[in-house]
Amino acid sequence: MSNNTTSNRPYLQAIAGERLPHPPVWLMRQAGRYLPEYLKVREAHSFLDCCNDPELICEITMQPIRRFGFDAAILFSDILIPLVPMGADLSFDKGHGPRIANPVRTEAGVAWLKGVHPASDLHQVLDGIQLLRKTLPTDTALIGFAGAPFTLSTYLIEGEKPDPFVNVKKMMYREPDVFAALQEKLGVMVADYLIAQYQAGADAVQVFDTWAGISSESEFRRVTLPTLKTIFFKLRSVGVPSTYFVKDGNHLLNAVAELDCDVIGVDWKTSIRQARKAVGQARTIQGNLDPTTLFGDEASIRAEVRRVLDDAGSEGRHIFNLGHGILPSTPIESVETLLDEVRRG
Ligand code: CP3
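At position 97 of the sequence shown the residue is numbered 125 (our numbering), and the sequence of numbers has no breaks.
Below, the structure is given as structure tokens:
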């Protein structure tokens with residue numbers, strides 16, 4: 029099943045390997061705090077309220093599309109949302125970020141985590157997707173997403189900003205079977221949830237692995253890669269185009285190349301040329317402007333965008349993005365400059 033023809037959606041065309049006048053462009057965290065219209069919504073609604081209301085999901089997802097006309101919309105939600113029906117007591121405190129009041133650190137804790145039935149447990153997200161499908165311009169792709177099991181487990185185990193990962197490593201090395209069981213449980217949830225998003229109307233899905241890079245290649249191969257392989261195998265079997273985004277993953281590229289996904293997303297420390305060399309010509313690369321360059325002046329932003337475009341080369345198979353989420357105080361004009369430079373081709 030395919031939700032849409034790829035013919036008029038540049039994001040999907042780039043995934044299919046079609047040559048385009050310039051790469052499609054969207055930005056990670058494009059709906060968020062650098063936008064005055066987002067801050068306005070947040071004055072009246074908490075972050076979790078926004079994630080739990082289909083109308084607000086649709087409205088906030090649309091905000092950057094209306095303002096900038098990006099080639100793809102990313103569903104407004106958070107990677108931690110599906111942990112709530114699993115049993116996590118999740119909150120977002122102002123200035124602190126996410127907090128899970130009941131972190132999972134034992135065998136009993138992992139066994140206690142509930143399975144997720146997206147159609148009932150996460151219906152608000154799926155309703156938001158259905159609404160978006162009716163609202164988005166026809167040439168704009170809709171990207172659904174989930175966190176990778178490893179990254180999700182870092183929040184679930186630590187209960188807050190995971191760094192320095194002491195409890196994660198404790199479980200990984202003292203109780204490897206429990207850690208593996210947690211990866212598997214999260215992996216089942218992620219695959220089911222992404223397939224449900226596709227069936228609700230998302231054109232493609234992205235798996236965010238923000239913290240994969242803390243592992244060496246051998247640890248990554250042992251604890252993370254098997255679950256990821258299963259997820260992408262399931263996504264391939266339903267035919268949904270998929271992206272694996274890895275931050276700080278330069279040393280993992282050879283292992284990442286083994287994943288059966290369509291797009292590899294990289295941060296600014298990995299050159300696009302390097303990524304393409306590792307994963308082959310048949311894959312599309314997404315990235316990878318350093319989000320802090322958007323605090324530079326116009327000429328420097330244009331020069332940095334150009335550097336990314338040159339790095340990607342002229343053979344297509346490139347989706348322009350930042351190497352990580354756009355930062356809250358980013359000037360709007362910087363985003364306009366970025367877009368103008370990318371669209372010059
Ligand atoms: O990209 C998008 O615009 C879609 C929405 C989206 C959000 N979070 C919204 C959000 C996506 C795809 C995410 C992914 C996410 N969330 C990741 C993986 C990618 C990455 O950025 O590393 C992670 C690790 C999280 C967990 C999370 N959520 C953190 C650590 C924080 C606090 C730090 C921060 O940036 O504020 C959040 C909160 C969050 N998620 C906000 C938004 C818009 C800010 C909420 C607010 O105060 O309004």
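Beta carbons are placed, not taken as given, at the ideal position from N, Cα and C, and that holds for glycine.
With contact defined as three or more Cβ pairs closer than 8 Å, the region 306 to 320 and the region 243 to 255 are not in contact. Between Leu-355 and the set Pro-319, Leu-367, Val-363 and Ala-340, the nearest pair of CA atoms involves Pro-319. Annotation note: the region 233 to 292 contains the following uninterrupted alpha helix (DSSP H) runs of length 4 or greater, listed N- to C-terminal: 253 to 266 and 281 to 284. Between the beta-carbon of Thr-271 and that of Gln-234 there is about 4 Å, and that keeps the pair under the 8 Å contact cut. Contact between Ile-128 and Tyr-183 holds, since their C-beta atoms are separated by about 6 Å, short of 8 Å.
In this structure, Pro-49 lies away from Gly-156, with their beta-carbon atoms at least 8 Å apart.
Within a 10 Å sphere around the beta-carbon of Trp-296 sit 16 or more other beta-carbons, which makes this residue buried. The alpha carbon of Gly-175 has as its nearest neighbour, out of Gly-125, Phe-273, Phe-248 and Glu-245, the alpha carbon of Phe-273. Asn-36 places its beta carbon less than 8 Å from that of Asp-167. When beta bridges are read from the DSSP output, Asn-349 appears opposite Asn-316.
Three or more beta-carbon pairs drawn from the region 40 to 54 and the region 343 to 355 are found closer than 8 Å, and the two stretches are therefore classed as touching. Exclusion of the five residues before and after Pro-38 leaves Leu-48, Pro-52 and Asp-99 as the residues of its chain whose Cβ lies within less than 6 Å of its Cβ.
Cβ-Cβ distances below 8 Å link Gly-60 to Tyr-66, Gly-353, Ile-354 and Pro-356 in the same chain, with the five nearest sequence neighbours on each side left out; the list follows chain order. In the three-state reduction of the DSSP assignment, Leu-367 falls in the helix class, which pools H, G and I.
In the same chain as Glu-186, and ignoring 5 residues on each side of it, the C-beta atoms closer than 6 Å to its own belong to Asn-195, in chain order. For Leu-280, the distance from the CB to the nearest heavy atom of the ligand CP3 is not below 7 Å. Ile-109 sits in coil when the DSSP states are folded into three classes, being neither helix nor strand. Between the region 356 to 366 and the region 316 to 335, the count of Cβ pairs shorter than 8 Å is three or higher; the stretches touch. In chain order, Arg-127 place their CB closer than 6 Å to the CB of Ser-119, counting only its own chain and leaving out the 5 sequence neighbours on each side. Uninterrupted beta strand (DSSP E) stretches at least 3 residues long and entirely within the region 131 to 185 occur at 169 to 175, given in chain order. At a Cβ-Cβ threshold of 8 Å, Ile-109 and Cys-79 count as neighbours. Relative to the ligand CP3, Arg-61 has its C-beta within less than 7 Å of a heavy atom.
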